[in-house]
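Per the working numbering, the sequence shown starts with residue 3, numbered consecutively.
Input: a single structure, listed below in structure tokens.
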Amino acid sequence: MYNKSDDLERSKLKRILKVSDSIKMEQMRDMLDLDTKTFNTQILDWAEEFGFRIDGEFIIINKNTVDNFIDRLDKQFETWDKMETDKIGKLGELRSENYITSKPKEKTIRKEAEHKRKEEEERLKKIISFRGGQILQFEANILQMLETQLKKQFTLVNKIYYNTQMGFSVGNNKITGIGFYDCRISTLPESIGN
């Protein structure tokens, strides 16, 4: 059941997340007061959503997303506290031997993450024919952006040499090289880094 010591643990956890690069999984689980199974499921969802890495018994915190994660934790705490309060209202007065220990999973986050993951997998799997080569759709889109910018067309070549002009090579349905010799390209599309 929620009590004031939960606030202290939550505040302590937030401070650790803000100042530290990592936290022990067991310590975080205890501070969140979650059972092992629920915590393991939840931390995998959070790792995917907020870019945390799990290294042995430590969670490596992504400093770029820690504020968003703390905001999410605050909302999660509110949800858990409300659910516990609702349970108390339904049960009537709790006697000292009654405790509510498990906290529910936030299923919508998992569903959204799973949906995004599936969309990304489908996007990466879609192979099309482009200038005589079979490549992934998103790679073809990048080449088309470059063609538009340079007002020239790419050609499929067997190998990229230092003087290959507007050529690309393919292996295993992926672009393995691009040649821009003497193209005077000033900027590249942001998606080319992906």
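Beta carbons: idealized from backbone N, C-alpha and C, even for Gly.
Predicted model, so just to flag it, every value in this text is computed and none were measured.
Counting only residues of its own chain and dropping the five nearest sequence neighbours on each side, R55 has a CB closer than 6 Å to the CB of I62. In this structure the segment 7-23 touches the segment 65-85; the number of beta carbon pairs closer than 8 Å is three or more. Distances from the CA of E141 to each of G173, Q44, K113, N42 were compared; the closest alpha carbon is that of G173. Between Q136 and I129, the C-beta gap is smaller than 8 Å, which places the two residues in contact. Annotation for Q167: G181, Y183, D184, C185 place their beta carbon closer than 7 Å to its own, counting only its chain and skipping 5 residues before and after. In this structure, E80 lies away from E59, with their beta-carbon atoms at least 8 Å apart.
Collapsing the DSSP output to three states places F52 in a helix. Shown here, F156 sits in coil according to DSSP, grouped into three states, outside any helix or strand. Boundaries for Q167: no alpha helix (DSSP H) harbours it, and the DSSP string shows neither H nor E there.
Pairing T67 with F52 gives a Cβ-Cβ distance under 8 Å. According to the DSSP secondary-structure assignment, I129 is paired through a beta bridge with L138.
Membership of D32 in the alpha helix (DSSP H) is indicated by the continuous run 27-34.
Non-local C-beta neighbours of E11 in its own chain, meaning closer than 6 Å and more than five positions away in sequence, comprise M33, ordered along the chain. Setting aside the 5 residues that flank it on each side, L15 is surrounded in the same chain by M33, each with a C-beta closer than 6 Å to its C-beta; the list follows chain order. Apart from the 5 residues on each side of it in sequence, K176 sits with its Cβ closer than 8 Å to the Cβ of I137, L138, E141 in its chain, given in chain order. Contact check for I162 and G179: beta-carbon distance about 4 Å, within the 8 Å limit, so the pair qualifies.
For the set F71, D83, A49, the Cα lying nearest the Cα of D35 is the one of D83. Assignment of D73 by DSSP, reduced to helix, strand and coil, places it in the helix class.
Under the DSSP definition of a beta bridge, I18 lacks any partner.
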